[in-house]
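Structure first, then comments.
Residue numbers (our numbering): 34 to 272.
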């Protein structure tokens, strides 16, 4: 079963941004991927016009797990290694630890891919944190997402794959998470700049207005949406 760890961060200051990125990509990711259970990781940076949260950087870690209890054991070992000094800490002032957030999500439905365009590694991701409009409509929302909405979006140019997840109660750093919504959809896209992404998203809006991308009132109106472009390769766990 797949899980993801969503980590949101900032550099300590504009002057520290280069040191922060060098440490995160070249030191921290390899250290984390030594923890059994982690499979790979990719780093992203937000498009300013599409970022409603203060954290500008995103890392998505893929995990191979059996259940939520397995995620907890992985997280515990991750934190143990940090506490024991077995992971190399960032240089002084390189990362803003006050704004760091980290939450684990468990796979809710299988990954879907576009028939129009494929990509082994996305150029970017669009994250949508969502909730059903009422608890009794959760199954209806799942059905719409998996059989209607994701296929509709993946039939349009610019989007290569999508997958949905459920938030766990495993908050790695214990800080308030950015959304109380229990669902997360990760859409993989092909765009490296926000103008190109904006044009692609504009096509979705056009299709929604025309009724060819169908929406539902089973989804609550408070979805939080953020869009990012990739700034690292996919880094794999060493074998």
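Each residue gets a CB set at the ideal place from its N, CA and C atoms; glycine is no exception. This one's a predicted model, so the numbers in the text were calculated from it and none came from an experiment.
- Take the alpha-carbon of residue 254 and the one of residue 260: they are about 18 Å apart.
- With 16 or more other Cβ atoms from the protein chains shown falling within 10 Å of its own Cβ, residue 123 counts as buried.
- Contact between residue 162 and residue 214 holds: CB atoms are separated by about 4 Å, below the 8 Å threshold.
- For residue 115, the enclosing alpha helix (DSSP H) begins and ends at 101–116.
- The continuous stretches of beta strand (DSSP E) do not include residue 240, which lies in the alpha helix (DSSP H) extending over residues 227–243.
- Residue pairing by DSSP places residue 219 opposite 160 and 196 in a beta bridge.
- The C-alpha of residue 224 is placed about 28 Å away from the C-alpha of residue 127.
- By the Cβ neighbour-count rule, residue 149 is exposed, with fewer than 16 other Cβ atoms within 10 Å of its own.
- Remark: C-beta atoms of residue 80 and residue 262 approach each other more closely than 8 Å.
- In this chain, residue 137 is not harboured by any alpha helix (DSSP H); it is covered by the beta strand (DSSP E) spanning 134–146.
- In the DSSP assignment, residue 262 forms a beta bridge with 78 and 157.
- In the DSSP assignment, residue 95 falls outside any alpha helix (DSSP H) and within the unbroken beta strand (DSSP E) covering 90–97.
- Within the same chain, Cβ atoms closer than 7 Å to the Cβ of residue 177 are found at 249 and 251, the five residues on either side in sequence being excluded.
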